[in-house]
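Peer 1:
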Amino acid sequence: MSPVARFRALPLRSRLALLVTVAVALAVAAVAAVSWVMVRTQLRAQLDSSLRATDAAAQANQVYAKLRCIPGPPLPEQAANNLSAQVQIVLQDGGHCWVDGNNTLKVTAIDLEVAQRRRGPVLYDATTTSGIPVRVYTQPALVGSQPAALTVAKPLADIDKPLSTLAWVLLLVCGVGAVGAGAAGLWVARTGLRPVDELTDAVEHIARTEDLTVRIPDAGDDEIARLSRSFNSMTAALASSQERQAQLIADAGHELRTPLTSLRTNIELLARSEETGRAIPPDDRRELLASVKAQMTELASLIGDLQELSRPDAGAGSPLQVVALHEIAGAALSRVRLRGPELRFDSDLRPWYVRGEAAALERAVVNVLDNAVKFSPSGGTVAVTLRAGELTVRDHGPGIPAADLPHVFERFWRSESARALPGSGLGLSIVARTTARAGGSAELRAAADGGPGTEAVLRIPGAPTPPPSDPSVVPDQ
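Numbering (our numbering), first residue to last: 24 to 500.
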């Protein structure tokens, strides 16, 4: 397994703590390294300055005049160290004369170039004849009247020892910083992930108990608080959906119970007649069969409405086609005319194109027209108009009380006057859902002219262009 895969396999808390530890450790190491380099640079600069400031020319001339040119220091008890440095004279022929210190330096090509006046003063690192690392400063000089070079050297140990001590101190600081970073990382991980732990506990509790009433704290404006609020909103939506589902099942069961009970009673009467041999009078039998047929029709209608309402709302995101609302309204009107032959239908349908599902829109218009037929008196008039995307269906029935208007689009809701009439109470719910999916709205209101009856108004926005089959028609504005 690769290091990346092993890292990803760690728990989130461990990964976060490790990242914090590594980040802080790298930061401390970078600071320590920069500090060490800066101190080293500063110490070398000070050493170079001290080499340049060493006034060895006078002593060189004194020693040369007294001892002439000796290649190395005299006996240790006679060696001088007045300048705290290794000092020697480099002659133009490559020879060298001891001036000060307990050791001598090897003559390099750089020293000869300075002695022969082919180069100016120069600083470089070298070693003494005994192998001690030193920092060397070579400059032109006159020994007596003879041109030469004067070399001054000081041990690099003067700066290497403090740097070594500093390195150990910084290494200790890095170690302490890494340990502290690890502890801080664990604390940050525990503190930062506490809301995530609460969220995890809540999710596990919901998965275990299906209790959607659980809420987690969502104070603050950070990402965790936003996640908590989103989770609370999700559980609230799920709880509401669960409640609506339970209510739908309960309402559907209630609505199904009545036709099923009546259907069962009628079938039992017919079955008992066959079992006992006692014939039911022809008129009563025809009435029972008609009732059975009506109850089956009502059951089929109720099941169809439930299937329509059970379609997932997520399907609303699928592409919608451009359809002619005036043609859909005309087709729905033709169907409903057969159900109310005693009524008069006045229609004024102007061309209007919308984005939607033709079958669903026709079902919605049929539902609205069915309500108008159901509540219209015999010989009454139903007016249907479509202008600029507003489809209005006006009947002349008893109307709907103002107190009932806010409930007319609720599932299974039926007014007191409509309970004795056939229907499931789902028609207007389907109307509201269909128009909403097409981007519009549905409304029931009292007649605008103040007369008896109700107006059902469907408002659906128009499509940018008519369908390709009819490009010459422009929607009303």
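We put the CB at the ideal spot given by N, CA and C, even for glycine. The structure presented is a predicted model; accordingly, all values stated were derived computationally and were not measured.
Give me the Cβ distance between VAL51 and GLY208, rounded to the nearest whole Å; I'm assuming they're in contact under 8 Å.
Peer 2: Taking the sequence shown and counting its residues from 1, the one referred to as residue 51 is at position 28. Taking the sequence shown and counting its residues from 1, the one referred to as residue 208 is at position 185. About 13 Å; that fails the 8 Å criterion.
Peer 1: Does the distance from the C-beta atom of THR188 to that of VAL110 stay below 8 Å?
Peer 2: Here the question's residue 188 lines up with position 165 in the sequence shown. Here the question's residue 110 lines up with position 87 in the sequence shown. For THR188 and VAL110, no; Cβs fall outside 8 Å.
Peer 1: With DSSP collapsed to three states, give me the class of LYS129.
Peer 2: To locate residue 129, count along the sequence shown from 1; it is residue 106. Coil at LYS129, not helix or strand.
Peer 1: Kindly indicate which residue of HIS119, PRO421, LEU283, GLY124 has the alpha-carbon position closest to the one of GLN169.
Peer 2: As a first step, residue 169 must be located in the sequence shown, where it is residue number 146. Cα-wise, what sits closest to GLN169 is HIS119.
Peer 1: Thinking C-alpha only, which one of VAL86, ALA382, TYR160 is nearest GLY143?
Peer 2: Here residue 143 corresponds to residue number 120 of the sequence shown, with the count starting at 1. Checked all of VAL86, ALA382, TYR160; the closest Cα to GLY143 is TYR160.
Peer 1: With the cut-off set at 8 Å, would you say VAL377 and LEU409 are in Cβ contact?
Peer 2: Looking up residue 377 in the sequence shown gives position 354. Looking up residue 409 in the sequence shown gives position 386. Going by C-beta atoms, VAL377 is not nearer than 8 Å to LEU409.
Peer 1: Given a threshold of 16 other Cβ atoms within 10 Å of its Cβ, counted over all protein chains shown, does GLY446 qualify as buried or as exposed?
Peer 2: Taking the first residue of the sequence shown as position 1, residue 446 is located at position 423. Note that GLY446 scores a pLDDT of 49, beneath 50, so its modelled location is shaky; the value from the coordinates is reported in the next line. With 16 or more Cβ atoms within 10 Å of its Cβ, GLY446 is classed as buried.
Peer 1: At which residue ranges does the stretch 153-222 contain complete beta strand (DSSP E) runs of 3 or more residues, listed in the order of the chain?
Peer 2: Correct list: 156-166, 169-178.
Peer 1: With a threshold of 8 Å on Cβ separation, who are the neighbours of GLY422 within its own chain once the five nearest residues in sequence on each side are excluded?
Peer 2: In the sequence shown, residue 422 corresponds to position 399, counting from 1. So the qualifying residues of the chain are ALA469, ALA470, PRO475, GLY476, THR477.
Peer 1: How long is the line joining the alpha carbons of LEU384 and ALA248, rounded to whole angstroms?
Peer 2: As a working mapping, residue 384 is identified with position 361 in the sequence shown. As a working mapping, residue 248 is identified with position 225 in the sequence shown. Their Cα atoms are separated by approximately 42 Å.
Peer 1: Answer with buried or exposed for VAL389, where buried requires no fewer than 16 other C-beta atoms within 10 angstroms of its C-beta.
Peer 2: Position 366 of the sequence shown, counting from 1, holds the residue named residue 389. Classification of VAL389: buried, given that the 10 Å Cβ count is 16 or more.
Peer 1: Between the Cα of ALA260 and those of ASN126, GLU246, GLY124, ASP234, spot the shortest distance and give me the residue it belongs to.
Peer 2: Within the sequence shown, the letter at position 237 stands for residue 260. Taking only the C-alpha atoms, the option nearest ALA260 is ASP234.
Peer 1: Between the stretch 450-461 and the stretch 385-404, do at least 3 Cβ pairs fall closer than 8 Å?
Peer 2: Yes, the stretch 450-461 is in contact with the stretch 385-404.
Peer 1: Taking the straight line between their C-alpha atoms, what separation do you get for ARG549 and PRO374?
Peer 2: In this structure the chain extends from 24 to 500, so residue 549 is not present and cannot be described.
Peer 1: Helix or strand or just coil, what does DSSP make of THR236?
Peer 2: Within the sequence shown, residue 236 is the residue found at index 213, counting from 1. Coil.
Peer 1: Can you tell me which residues form a DSSP beta bridge with CYS120?
Peer 2: For the purposes of this step, residue 120 is taken as the residue at position 97 of the sequence shown. For CYS120, which the question treats as bridged, DSSP gives the partners ILE112.
Peer 1: In this structure, does DSSP put SER464 in helix, strand or coil?
Peer 2: Start at 1 with the first residue of the sequence shown, and residue 464 comes out as number 441. DSSP places SER464 in strand when its eight states are reduced to three.
Peer 1: Less than 6 Å between C-beta atoms, sequence neighbours within five positions excluded: which residues of the same chain meet that for LEU343?
Peer 2: In the sequence shown, the residue the question calls residue 343 occupies position 320. Counting only Cβ-Cβ distances below 6 Å, and skipping sequence neighbours, we find ARG378, GLY379.
Peer 1: Per DSSP, what are the beta-bridge partners of ARG410 in this structure?
Peer 2: Indexing the sequence shown from 1 puts residue 410 at position 387. In the DSSP output, where bridge partners are listed per residue, ARG410 has GLU413.
Peer 1: Is it the case that the Cβ atoms of ARG140 and PRO156 are separated by a distance below 8 Å?
Peer 2: Position 117 of the sequence shown holds residue 140. Position 133 of the sequence shown holds residue 156. No; because the gap between Cβ atoms is not below 8 Å, this pair is not in contact.
Peer 1: Pick from ASP393, ASN126, ASP148, PRO282: whose alpha carbon is nearest that of ASP134?
Peer 2: By one-based count along the sequence shown, residue 134 stands at place 111. Nearest C-alpha to ASP134: ASP148.
Peer 1: If contacts are defined as beta-carbon pairs under 8 Å, then ALA171 and VAL113 qualify, I think. What distance do you get, rounded to the angstrom?
Peer 2: Start at 1 with the first residue of the sequence shown, and residue 171 comes out as number 148. Start at 1 with the first residue of the sequence shown, and residue 113 comes out as number 90. Indeed, because the Cβ distance is near 6 Å, the residues count as touching under 8 Å.
Peer 1: Report the three-state DSSP secondary structure of THR151 (helix, strand or coil).
Peer 2: Against the sequence shown, residue 151 aligns to sequence position 128. In the structure shown, THR151 sits in a strand (DSSP, three-state: E or B).
Peer 1: Can you tell me where the beta strand (DSSP E) holding THR477 begins and where it ends?
Peer 2: Sequence index remark: in the sequence shown, residue 477 carries index 454 (1-based). Taken as a continuous stretch (DSSP letters only), the beta strand (DSSP E) holding THR477 covers 477-482.
Peer 1: Let me know if TRP121 comes out buried or exposed under the rule of 16 or more other beta-carbons within 10 Å of its beta-carbon.
Peer 2: Numbered from its first residue, the sequence shown carries residue 121 at position 98. Per the 10 Å Cβ criterion, buried.
Peer 1: Do you know how far the Cα of SER58 is from the Cα of GLY501?
Peer 2: This structure leaves residue 501 out entirely; the chain is present only between 24 and 500.
Peer 1: Let me confirm a value: HIS419 is counted as buried when at least 16 other C-beta atoms fall within 10 Å, else exposed. Which label applies?
Peer 2: As a first step, residue 419 must be located in the sequence shown, where it is residue number 396. When all chains shown are included, HIS419 counts as buried.
Peer 1: What residue does the beta strand (DSSP E) around ALA347 start on, and which one ends it?
Peer 2: For the purposes of this step, residue 347 is identified with residue 324 of the sequence shown, where counting begins at 1. Counting along the chain, the beta strand (DSSP E) containing ALA347 begins and ends at 344-347.
Peer 1: Please state the DSSP three-state secondary structure of ASP369.
Peer 2: Translated into positions along the sequence shown, residue 369 becomes position 346. Reduced to three states, the DSSP call for ASP369 is strand.
Peer 1: Measuring only the C-alpha atoms, how far is VAL86 from LYS184?
Peer 2: Against the sequence shown, residue 86 aligns to sequence position 63. Against the sequence shown, residue 184 aligns to sequence position 161. Taking the straight line joining both Cα atoms gives about 32 Å.
Peer 1: Relative to the alpha-carbon of SER357, which residue among VAL407, ASP224, SER314 has its alpha-carbon at the smallest distance?
Peer 2: Your numbering for residue 357 matches position 334 in the sequence shown. Looking at the Cα atoms, VAL407 is the closest of the given residues.
Peer 1: Applying the criterion that 16 or more other CB atoms from any shown protein chain within 10 Å of the CB defines a buried residue, is ALA424 buried or exposed?
Peer 2: Here residue 424 refers to the residue found at position 401 of the sequence shown. The sequence given here places Pro at residue 424; Ala does not occur at that position. Exposed.
Peer 1: Under a three-way DSSP split, which group does VAL27 fall into?
Peer 2: The count along the sequence shown starts at 1 and reaches residue 27 at position 4. In the structure shown, VAL27 sits in a helix (DSSP, three-state: H, G or I).
Peer 1: Kindly indicate which three-state DSSP category THR404 falls into: helix, strand or coil?
Peer 2: The residue labelled residue 404 in the question sits at position 381 within the sequence shown. Strand at THR404.
Peer 1: List the endpoints of the continuous beta strand (DSSP E) containing VAL45.
Peer 2: Residue numbering aside, residue 45 sits at position 22 when the sequence shown is read from its first letter. Taken as a continuous stretch (DSSP letters only), VAL45 belongs to no beta strand (DSSP E), being part of the alpha helix (DSSP H) at 35-76.
Peer 1: DSSP puts ALA469 in a beta bridge; with which residues?
Peer 2: Walking along the sequence shown from the start, residue 469 turns up at place 446. ALA469 pairs with THR477.
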